[in-house]
Amino acid sequence: MTRLFTRGDSVRLAASAAMALARLAELVYSRRNMERHAERHEGRASRATYPLIVAVHTIVIAGTLLRGSRRPSLGWLVLLASAQPLRLWVLLLLRDRWNARGSVPAGLRVETRGPYAWVRHPNYAIVIVELLALPMAFRLRALAGLAAIANGILLAVRIRDEERLLFAEPGYRRHFATKPRFLPRIL
């Protein structure tokens, strides 16, 4: 008798579903934050990349769910799981200033605590890890590679646009002028 699900399928389903639910929750949270401060976000977003970033995340999650190996890699799963508390830390620090659209509110209160004491974009570093770790956990090297390339291009554009707005804020410029983007003392 053929089993419909194996242990590897269950892990793949759980990891993909957890990431999908996290992304949906983030979109709801982002929309609420944007609506709460709509007048402060007026014309201050990097609109061009948003739908493409959503598409890359959707493709990675769906691709992993539909094509992944039944024998997951524990190391990549641990890396994926370890990124989640860091993401929560960033969201808790930024609270209503965080959004998924790359929008920078006027009169931004600059966050300098937590990972922001060391790097400019800890949330993007976490996204890079997630989009690599999820497909690699299920041995989807081609998907991980394509996602890394697409995400790298999109983040380069998004971060350029976002930093143009951020560095216009004196507090941001003062704190982050010498901080690396993703990893302390490296990038």
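Residue numbers (the numbering used here): 4 to 190. Don't be surprised by glycine CBs; every beta carbon is placed ideally from N, CA and C. This one's a predicted model, so the numbers in the text were calculated from it and none came from an experiment.
Check this for me: beta carbons of residue i and residue j, under 9 Å apart or not?
| i | j | result |
| --- | --- | --- |
| LEU16 | ILE64 | no |
| ALA51 | VAL160 | yes |
| SER85 | MET139 | no |
| ALA145 | VAL59 | no |
Is there a C-beta anywhere in chain D that falls below 9 Å from the one on residue i?
| i | result |
| --- | --- |
| ARG163 | Included in the structure is just one protein chain, with no chain D present. |
Leaving out five residues on either side along the sequence, give the residues of the same chain with a beta carbon under 6 Å from the beta carbon of residue i.
| i | result |
| --- | --- |
| VAL113 | GLY174, TYR175, HIS178 |
| GLY71 | ARG15, PHE141, LEU143 |
| VAL41 | Here the sequence assigns Ala to residue 41, which means Val is not the residue at that position. Result list for ALA41: empty, nothing under 6 Å. |
Measuring alpha carbon to alpha carbon, tell me which residue in the options is nearest residue i.
| i | options | result |
| --- | --- | --- |
| VAL93 | THR181, ASP164, THR67, ALA120 | ALA120 |
| SER106 | ARG163, GLY148, GLY155, SER76 | ARG163 |
| ARG35 | TRP79, GLU166, ARG104 | ARG104 |
With hydrogens ignored, establish whether the beta-carbon of residue i is closer than 8 Å to any heavy atom of the ligand COA.
| i | result |
| --- | --- |
| ALA28 | Among the components of this structure there are no ligands whatsoever, and the ligand COA is therefore not found. |
Kindly give me the distance between the Cβ atoms of residue i and residue j, rounded to whole angstroms, as I take these residues to be in contact under 8 Å.
| i | j | result |
| --- | --- | --- |
| ILE129 | ARG90 | 5 Å |
| ALA180 | LEU83 | Not really, about 32 Å apart at Cβ, beyond 8 Å. |
Tell me which residues share the same chain as residue i and place their Cβ nearer than 7 Å to its Cβ, disregarding the 5 neighbours each side in the sequence.
| i | result |
| --- | --- |
| TRP79 | ALA136, MET139, ALA140 |
| LEU169 | VAL107, TYR175 |
Threshold first: 3 residues or longer. Then list the beta strand (DSSP E) segments lying entirely within the stretch 14-67, N to C. none
Complete runs of the beta strand (DSSP E) confined to the stretch 147-177 [at least 3 residues]: none
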